[in-house]
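Novice: Counting in full-length UniProt numbering, the sequence shown runs from 1 upward without gaps. Beta carbons are placed, not taken as given, at the ideal position from N, Cα and C, and that holds for glycine. Since the model is a prediction, treat every value here as computed from it, not as a measurement.
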Amino acid sequence: MLTNRKGITAYYRGAMGILLVYDVTDESSFNNIRNWIRNIEQHASDNVNKILVGNKADMDESKRAVPTSRGQALADEYGIKFFETSAKTNMNVEEVFFSIARDIKQRLSETDSKAEPQTIRITQPDQGAGAAQAAQKSTCCGS
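#1: Just how far apart, CA to CA, sit Arg34 and Asp26?
#2: I believe Tyr12 touches Ala57 by the beta-carbon criterion, under 8 angstroms. Please report the beta-carbon distance rounded to the nearest angstrom.
#3: Using the beta-carbon count (16 or more within 10 Å), is Thr85 buried or exposed?
#4: Taking the alpha carbon of Gly54 as the reference point, which residue from Lys88, Val21 and Met16 has its own alpha carbon closest?
#5: Would you tell me roughly how many angstroms separate the C-alpha atoms of Asn47 and Lys63, rounded to the nearest one?
#6: With a threshold of 8 angstroms, are at least 3 pairs of Cβ atoms found where one atom belongs to the region 91–106 and the other to the region 59–75?
#7: Which first and last residues belong to the alpha helix (DSSP H) in which Asp76 is found?
#8: I need the DSSP call for Asn49, collapsed to helix, strand or coil.
#9: Could you tell me if Leu108 is buried or exposed, where buried requires 16 or more neighbouring beta carbons within 10 angstroms of its beta carbon?
#10: Let me check understanding here. Comparing Cα to Cα, which of Val93, Phe82 and Leu19 lies closest to Ile40?
#11: Applying the criterion that 16 or more other CB atoms from any shown protein chain within 10 Å of the CB defines a buried residue, is Lys50 buried or exposed?
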């Protein structure tokens, strides 16, 4: 867990996706997730994609401090996706990264389709104005 929170706020700016990772064998890391979410809400863009990740899911159940149901309930409370992973066995690690990448891509494509096109309309000049300019030019030289 990062301890220098003042320095980390600069990383929020421009972030497109954030993985909130806690250790399923460490209750305090899970309890800190709410603080991290508050930090994200204060410093990141409103529409940043987030996923809650409980890591060390490969550990023996006797060592688990945070049941899967609590992780899922917290994710549901904030309306974000939830995965349990194991960096040791590579369980669901790739899926988490693919999931956030897909979510970001979908959000960006939806934003692009809603945005007004950045175009400039070019029209032909008024025929009457063009004829008047031609008449002015022809009279100045006596032709």
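Specialist: The short version:
#1: Numbered from its first residue, the sequence shown carries residue 34 at position 34. Numbered from its first residue, the sequence shown carries residue 26 at position 26. Whole-angstrom Cα-Cα distance: 15 angstroms.
#2: Here residue 12 corresponds to residue number 12 of the sequence shown, with the count starting at 1. Here residue 57 corresponds to residue number 57 of the sequence shown, with the count starting at 1. With a Cβ gap of about 27 angstroms, Tyr12 and Ala57 do not count as contacting.
#3: Your numbering for residue 85 matches position 85 in the sequence shown. By the 10 Å Cβ count, Thr85 comes out buried.
#4: Here residue 54 corresponds to residue number 54 of the sequence shown, with the count starting at 1. With distances taken between Cα atoms, Gly54 lies closest to Val21.
#5: Looking up residue 47 in the sequence shown gives position 47. Looking up residue 63 in the sequence shown gives position 63. In a straight line, the C-alpha of Asn47 is about 36 angstroms away from that of Lys63.
#6: Flag = no, the region 91–106 and the region 59–75 do not touch.
#7: For this step, residue 76 is matched to residue 76 along the sequence shown. Where Asp76 is concerned, the enclosing alpha helix (DSSP H) stretches over Thr68 to Tyr78.
#8: Residue mapping note: residue 49 aligns to position 49 of the sequence shown, counting from 1. Of the three classes helix, strand and coil, the one that applies to Asn49 here is strand, per DSSP.
#9: If you number the sequence shown from 1, residue 108 lands on position 108. Exposed.
#10: Here residue 40 corresponds to residue number 40 of the sequence shown, with the count starting at 1. Selected option, being the one with the closest Cα: Leu19.
#11: Numbered from 1 along the sequence shown, position 50 holds the residue referred to as residue 50. Lys50 should be labelled buried.
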